[in-house]
Structure formats: structure tokens, C-alpha cells
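The block underneath contains the structure these notes are about, expressed in C-alpha cells.
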Amino acid sequence: MRKFFHAIYGIALDIKSFSNPLPNYTRFDIAYYSKNASKDYLEFHIDGPRIIPKKFETRWVGNIEVPEDSKKFAGFWRRSKFQECLVLDMNRKDTNKPPVLPAQSSTNTLALLRDELIDMGMYPYLNGGTFLGWYRECTVIPHTKDMDLAVFKENYNPEYAEKILRGETDFKLIRKLGRLQDSLELTVTPDGRNNPRIDIFLMYDYVKDGKLVYRYTPGLEGDGTKIRFTHLVLDQSCAADLHDHIFWVPCDAKKQLKHEYGLLWYQDHPSEQYDWNKSPKNIVIAGKFTKKELRKYYVEYK
Numbered sequence: 028m029r030k031f032f033h034a035i036y037g038i039a040l041d042i043k044s045f046s047n048p049l050p051n052y053t054r055f056d057i058a059y060y061s062k063n064a065s066k067d068y069l070e071f072h073i074d075g076p077r078i079i080p081k082k083f084e085t086r087w088v089g090n091i092e093v094p095e096d097s098k099k100f101a102g103f104w105r106r107s108k109f110q111e112c113l114v115l116d117m118n119r120k121d122t123n124k125p126p127v128l129p130a131q132s133s134t135n136t137l138a139l140l141r142d143e144l145i146d147m148g149m150y151p152y153l154n155g156g157t158f159l160g161w162y163r164e165c166t167v168i169p170h171t172k173d174m175d176l177a178v179f180k181e182n183y184n185p186e187y188a189e190k191i192l193r194g195e196t197d198f199k200l201i202r203k204l205g206r207l208q209d210s211l212e213l214t215v216t217p218d219g220r221n222n223p224r225i226d227i228f229l230m231y232d233y234v235k236d237g238k239l240v241y242r243y244t245p246g247l248e249g250d251g252t253k254i255r256f257t258h259l260v261l262d263q264s265c266a267a268d269l270h271d272h273i274f275w276v277p278c279d280a281k282k283q284l285k286h287e288y289g290l291l292w293y294q295d296h297p298s299e300q301y302d303w304n305k306s307p308k309n310i311v312i313a314g315k316f317t318k319k320e321l322r323k324y325y326v327e328y329k
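To convert, take the position in the sequence shown, counting from 1, and add 27; that gives the working numbering.
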């Protein structure tokens with residue numbers, strides 16, 4: 028029976044180790060969890076439920092496993108409230124057409140990138156069309172051409188991009204747009220493959236008169252125009268399942284999707300008819316880089 032110290036509840040016990048009814052311990056606060064070999068997370072049967080990544084180091088203290096990195100474990104727990112997706116029927120006519128990005132293998136790659144970011148102290152969230160596909164249809168939108176993650180600026184570790192360039196990760200840096208202080212976006216692909224292309228956006232706070240007005244992810248046009256895709260100030264501390272992998276999401280997904288895609292967010296919009304810098308409802312123009320600045324802040328790698 029695996030049991031480990033839980034930073035919030037005291038002791039966590041694998042529910043499969045017990046028959047019903049569950050024992051009633053009085054000396055400790057107990058949290059029961061279950062694990063599925065096909066999924067990369069543990070499911071806690073408390074508050075709703077909650078899920079956290081399986082991948083965290085532990086050490087033994089007597090017959091109890093203790094998380095080696097209590098700060099990381101606490102970060103997982105803060106973001107653990109489970110959110111369901113909707114599984115809407117999109118009524119697409121071209122169902123026999125193969126997807127641009129195979130859902131399972133692309134999500135496997137996204138999870139590999141997630142793990143690399145976590146190892147560097149970052150907590151990536153589903154963003155953009157990847158977020159929409161998860162919530163609306165519980166999968167990757169079949170005609171989408173890339174995948175999207177977002178990382179809060181305060182969690183971002185600039186060393187990660189340097190590690191990619193040194194060949195120390197499983198990914199290749201395709202481009203770097205903008206600047207760290209207010210507009211950074213990275214695009215990566217798995218090393219040795221062209222797909223899926225994954226955009227990593229930093230999530231920034233826009234503060235006015237000392238008040239957080241909105242959050243935003245950046246965009247950069249080829250002429251230097253800077254775009255902000257605004258995000259509502261929502262609770263970001265929820266977790267979701269996408270093809271058996273855990274990813275973090277805003278807790279009020281529908282509210283953000285209405286803000287981003289409009290009242291008809293639940294309808295399909297073919298990717299070839301969707302302009303990234305015109306179609307979204309949450310665009311704010313935020314100035315323009317000069318030609319000299321653009322050479323510095325629009326970098327493509329071979």
C-alpha cells in the first residue's frame with residue numbers, strides 16, 4: 028500500500044488498498060486517491076474531485092513517502108480542482124477527413140513539453156484554440172494547425188529558451204517574438220519533427236492605477252504591430268484531462284471563451300476562415316515596434 032504525506036490533508040492513501048467501507052482514521056487527516064495506469068495524474072476523492080500530476084519525487088520517512096519538493100507539490104494542489112469538458116457534438120460534415128494534428132499523439136507531445144516546463148518551475152495552462160478544443164469537444168480541434176500553452180510571466184524561467192537552443196531538451200525553438208517585459212511568445216516543435224507546432228505565450232497582468240484590469244497574452248504582426256489578447260481576471264487554479272493527460276485551465280472556461288470568441292463560441296469556425304489577428308473578440312492594439320526593434324524582437328531560427 029502506497030501512502031505519502033500530503034501537504035494539505037496530512038496523509039494520502041491509495042483507495043485501491045481498501046475495501047468498502049473505507050476505514051475511519053481519527054489520528055490523522057486522510058485524503059484518499061486513485062490512480063489509473065493510462066493517465067498521468069492522481070485523482071483525489073475530496074472537494075470534488077482534484078487531480079495532480081503523478082510525476083513528483085518522494086523520499087521515505089519511516090514507512091511514509093514524503094514529497095521531495097513540497098513547494099512544487101503545493102503548486103500542484105493549488106491548481107488541482109478538476110474541471111469537466113462538454114463533449115459537444117460539432118456536426119462537422121468532413122468527419123472522414125483525417126485531422127491536421129492527430130489528437131492523441133499531439134497531446135502526448137504537448138504533455139512532454141508540459142513536463143519540461145514544470146521541471147523549470149513553470150505551470151503551463153491550455154490557451155487559445157487548444158483551450159477551446161478541450162472545453163468544447165474534449166479533444167484537439169481536427170482542423171487546427173498548432174497548439175497553445177500559456178505561462179504566467181511571474182512563473183516564467185528565461186533559462187528554458189536557452190536550454191532549447193543548447194539542445195538540452197526534446198524540443199526545437201522555431202521562433203521567439205516580443206520581449207520578456209511585456210510581449211514574449213515562443214514557438215517550438217518536437218526535435219526532429221515539424222509537428223505539432225506549439226506556441227508558448229507569456230500571460231501578463233495589465234495594471235492601471237494600481238488595479239489589475241485584465242490579463243493578456245501577446246501577438247506580434249510582421250510589420251511590428253503589437254497585439255494583446257485580453258483575458259478576464261478569473262481563478263486560474265483548475266485542472267483538466269485531455270486525452271489522459273493533466274493540463275491546467277481557468278476555472279470558468281465558458282466565461283473566458285465567450286470573451287475570446289463571442290456568444291457563438293460553441294460553433295465550429297474552420298481554421299482557414301479564422302484570422303488570428305482579426306477574428307478574436309478580445310484584441311487590443313498595444314503599439315508598434317520600430318523596424319530596428321522588430322529585427323531584435325522578431326527572431327526566427329533555422
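Ideal Cβ placement from N, Cα and C applies to all residues, glycine included.
Apply the 10 Å Cβ neighbour rule to His72 and answer buried if 16 or more other Cβ atoms are within range, or exposed otherwise. Along the sequence shown, read from residue 1 onward, the residue named residue 72 stands at position 45. With fewer than 16 Cβ atoms within 10 Å of its Cβ, His72 is classed as exposed.
Using the beta-carbon count (16 or more within 10 Å), is Arg119 buried or exposed? Within the sequence shown, residue 119 is the residue found at index 92, counting from 1. It is exposed - the Cβ of Arg119 has fewer than 16 other Cβ atoms within 10 Å.
So, Tyr187 versus Met230, is the Cβ gap smaller than 7 Å? In the sequence shown, residue 187 corresponds to position 160, counting from 1. In the sequence shown, residue 230 corresponds to position 203, counting from 1. Contact flag unset, no.
What are the partner residues of Leu341, as DSSP defines its beta bridges? Examination of residue 341 is not possible in this model, given that the chain is present from 28 through 329 alone.
If you measure between the beta carbons of Leu204 and Glu195, is that distance less than 7 Å? Translated into positions along the sequence shown, residue 204 becomes position 177. Translated into positions along the sequence shown, residue 195 becomes position 168. Their beta carbons are not under 7 Å apart, which means Leu204 does not touch Glu195 by this criterion.
Would the beta-carbon of Thr27 fall within 7 Å of that of Val178? No answer is possible for residue 27: the residues shown for the chain start at 28 and end at 329.
Contact between the stretch 283-297 and the stretch 127-137: three or more CB pairs below 8 Å? With the rule of 3 Cβ pairs closer than 8 Å, the stretch 283-297 does not count as touching the stretch 127-137.
Three-state secondary structure assigned by DSSP to Trp303: Counting from 1 along the sequence shown, the entry for residue 303 is found at position 276. Coil at Trp303, not helix or strand.
On the three-state DSSP scale, how would you describe Leu259? Taking the sequence shown and counting its residues from 1, the one referred to as residue 259 is at position 232. Correct three-state label for Leu259: coil.
If I measure Cβ to Cβ from Gly156 and keep anything under 7 Å in the same chain, skipping five residues before and after, which residues do I get? Here residue 156 is taken as the residue at index 129 of the sequence shown, counted from 1. Excluding residues within five positions, the ones whose Cβ falls inside 7 Å are Ile168, Thr171, Asp175.
Distance, Cα to Cα, Asp250 vs Arg202? Mapped onto the sequence shown, residue 250 falls at position 223. Mapped onto the sequence shown, residue 202 falls at position 175. Computed Cα separation, rounded: 16 Å.
Residue environment, Ser61, which counts as buried when at least 16 other CB atoms sit within 10 Å: Translated into the one-based positions of the sequence shown, residue 61 becomes position 34. That one is exposed.
Less than 7 Å between the beta carbons of Arg163 and Leu115, yes or no? Within the sequence shown, residue 163 is the residue found at index 136, counting from 1. Within the sequence shown, residue 115 is the residue found at index 88, counting from 1. Cβ atoms of Arg163 and Leu115: closer than 7 Å.
Can you give me the start and stop residues for the alpha helix (DSSP H) that His375 sits inside? Limits of the chain in this structure are 28 at one end and 329 at the other, which puts residue 375 out of reach.
Hey, Ser107 and Asp271: beta-carbon distance below 7 Å or not? Within the sequence shown, the letter at position 80 stands for residue 107. Within the sequence shown, the letter at position 244 stands for residue 271. No; because the gap between Cβ atoms is not below 7 Å, this pair is not in contact.
Cross-strand partners of Cys165 (DSSP beta bridge): By one-based count along the sequence shown, residue 165 stands at place 138. DSSP lists no partner for Cys165.
Quick check on Thr85: does DSSP put it in helix, strand or coil? Along the sequence shown, read from residue 1 onward, the residue named residue 85 stands at position 58. Residue state, collapsed to three classes: strand.
Which listed residue (Asp262, Tyr241, Val93) has its alpha carbon closest to that of Asp232: Numbered from 1 along the sequence shown, position 205 holds the residue referred to as residue 232. Measuring from the Cα of Asp232, the nearest candidate turns out to be Tyr241.
Would you decide whether Glu70 is buried or exposed? Buried here means 16 or more other CB atoms lie within 10 Å of its CB. Locating residue 70 in the sequence shown gives position 43, counting from the first residue. That one is buried.
Which residue or residues does DSSP assign as beta-bridge partners of Ile145? On the sequence shown, position 118 is the one that residue 145 refers to. Ile145 is not bridged to any residue.
Within the chosen definition, does the stretch 96-105 reach the stretch 79-86 through at least 3 CB pairs nearer than 8 Å? Result yes; three or more Cβ-Cβ pairs closer than 8 Å.
Going by DSSP in three states, Thr171 sits in which element: helix, strand or coil? Locating residue 171 in the sequence shown gives position 144, where the first residue counts as 1. DSSP places Thr171 in coil when its eight states are reduced to three.
May I ask you to report which of helix, strand or coil DSSP gives Lys318? Start at 1 with the first residue of the sequence shown, and residue 318 comes out as number 291. Helix, per DSSP.
Cross-strand partners of Cys265 (DSSP beta bridge): Reading the sequence shown from its first residue, position 238 is the one you call residue 265. For Cys265, which the question treats as bridged, DSSP gives the partners Lys108, Val276.
Opposing strand residues paired with Phe198 [DSSP bridges]: The residue given as residue 198 occupies position 171 in the sequence shown. DSSP, once it has assigned bridges, lists Pro217 as partnering Phe198.
Here's a check: name, in chain order, each residue in its chain whose Cβ is nearer than 7 Å to the Cβ of Ile35, leaving out the five neighbours to either side. Position 8 of the sequence shown, counting from 1, holds the residue named residue 35. Unreliable placement is indicated for Ile35, whose pLDDT of 49 sits below 50; no coordinate value is reported for it.
Over what stretch of residues does the beta strand (DSSP E) that includes Lys235 continue unbroken? Position 208 of the sequence shown, counted from the first residue, corresponds to residue 235. From DSSP, the beta strand (DSSP E) with Lys235 extends over 224-235.
Taking 7 Å as the threshold (C-beta atoms), are Ser210 and Lys253 in contact? In the sequence shown, the residue the question calls residue 253 occupies position 226. In the sequence shown, the residue the question calls residue 210 occupies position 183. Yes, the Cβ-Cβ distance between Lys253 and Ser210 is below 7 Å.
Give the C-beta separation of Ala243 and Leu159 to the nearest angstrom, bearing in mind that I take them to be a contact with Cβ-Cβ under 8 Å. Here residue 243 refers to the residue found at position 216 of the sequence shown. Here residue 159 refers to the residue found at position 132 of the sequence shown. A small fix is needed here, since residue 243 is Tyr in this sequence, not Ala. No, Tyr243 and Leu159 are not in contact; Cβ-Cβ is about 17 Å, not under 8 Å.
On the DSSP letters alone, give me the boundaries of the alpha helix (DSSP H) that Glu181 sits inside. In the sequence shown, the residue the question calls residue 181 occupies position 154. It is not in any alpha helix (DSSP H) - Glu181 carries neither H nor E in the DSSP assignment.
Per the DSSP calculation, Ala58 is bridged to which residue(s)? By 1-based counting over the sequence shown, the position of residue 58 is 31. For Ala58, DSSP records a beta bridge to Ala39.
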